[in-house]
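Worksheet for the structure shown next.
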Amino acid sequence: MGNDRRQRRLVMDERTTCLWSHRQKRGRDGVWRDALTLYRDGVRVRFVFLAGAPDSGRWTTEGGYWYEGCVGDNRGNLLNLREPGVVRALVEEAGRRGLLPWDGDGDEIGGRPVELDGWELFPAVVAAVDA
Numbered sequence: 003m004g005n006d007r008r009q010r011r012l013v014m015d016e017r018t019t020c021l022w023s024h025r026q027k028r029g030r031d032g033v034w035r036d037a038l039t040l041y042r043d044g045v046r047v048r049f050v051f052l053a054g055a056p057d058s059g060r061w062t063t064e065g066g067y068w069y070e071g072c073v074g075d076n077r078g079n080l081l082n083l084r085e086p087g088v089v090r091a092l093v094e095e096a097g098r099r100g101l102l103p104w105d106g107d108g109d110e111i112g113g114r115p116v117e118l119d120g121w122e123l124f125p126a127v128v129a130a131v132d133a
């Protein structure tokens with residue numbers, strides 16, 4: 003098994019390259035979360051998937067090794083946050099919605115770290131990955 007904490011390179015186009023990593027941890031509130039963190043020119047964007055309540059229809063691996071890095075819903079949809087295609091789909095969807103701290107051309111970088119609710123992007127990313 004490789005080093006799961008390393009930063010991987012994601013080339014979006016000839017001018018845009020990001021580093022990304024996946025982490026799984028329990029927060030101070032005791033809730034498990036899967037976080038996909040994207041770095042570009044010193045700016046951090048974190049897509050956070052919180053483990054849902056039993057009736058929420060949302061689940062993460064909650065610290066287990068089975069399907070580590072995966073998030074899913076009760077409709078049978080599953081995303082593996084350690085796959086580059088899923089990472090690209092998340093970044094593209096966040097970009098379409100104007101949620102990234104750089105403009106659409108990828109030129110202007112700035113601002114504070116951004117934390118996004120990954121579940122809000124989940125349906126669109128599942129559709130993009132399955133297409």
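When you read off a place in the sequence shown, starting at 1, and then add 2, the result is the number in the working numbering. Built from N, CA and C at the ideal position, the CB exists for glycine as well.
Less than 6 angstroms between C-beta atoms, sequence neighbours within five positions excluded: which residues of the same chain meet that for residue i?
| i | result |
| --- | --- |
| C20 | L12, L40, R42 |
| D75 | G59, R60 |
| Y69 | T63 |
| N79 | V128 |
| M3 | Low confidence applies to M3: its pLDDT is 44, below 50, so where it sits in the model is not reliable, and the reading given next is rough at best. Closer than 6 angstroms at Cβ, skipping near neighbours: no residue. |
| R10 | W22 |
Determine the direct distance from the alpha carbon of residue j to that of residue i, and round the result to whole angstroms.
| i | j | result |
| --- | --- | --- |
| F49 | E94 | 13 angstroms |
| L81 | V128 | 7 angstroms |
| R114 | V47 | 9 angstroms |
| R25 | G71 | 8 angstroms |
| R28 | R99 | 28 angstroms |
| A55 | W34 | 11 angstroms |
| P86 | G32 | 29 angstroms |
| R30 | A53 | 14 angstroms |
Leaving out five residues on either side along the sequence, give the residues of the same chain with a beta carbon under 8 angstroms from the beta carbon of residue i.
| i | result |
| --- | --- |
| R8 | S23 |
| L102 | V47, V93, A96, V116 |
Closest to residue i by C-alpha separation, out of the options, would be which residue?
| i | options | result |
| --- | --- | --- |
| E117 | L38, V88, A53, R10 | L38 |
| V89 | V131, E122, K27 | V131 |
| P125 | A91, G100, G32 | A91 |
| R77 | V33, G32, D31, D57 | D57 |
| L83 | F51, G32, A55 | F51 |
Determine which residues share a DSSP beta bridge with residue i and list them.
| i | result |
| --- | --- |
| A37 | R25, V50 |
| L123 | DSSP lists no partner for L123. |
| V128 | Bridge partners of V128: none, in fact. |
| V73 | T62, L81 |
Would you please state the rounded distance, in angstroms, between the beta carbons of residue i and residue j? I believe it to be under 8 angstroms.
| i | j | result |
| --- | --- | --- |
| D119 | V73 | At roughly 12 angstroms, the Cβ-Cβ gap does not stay under 8 angstroms, so D119 and V73 are not in contact. |
Using a Cβ-Cβ cut-off of 7 angstroms (strictly less than) and excluding sequence neighbours within five positions of residue i, which residues of its own chain qualify?
| i | result |
| --- | --- |
| E122 | none |
Would you say residue i reaches chain C, if we count a Cβ-Cβ gap shorter than 8 angstroms as a contact?
| i | result |
| --- | --- |
| A53 | Among the chains in the structure shown there is no chain C, since it carries only a single protein chain. |
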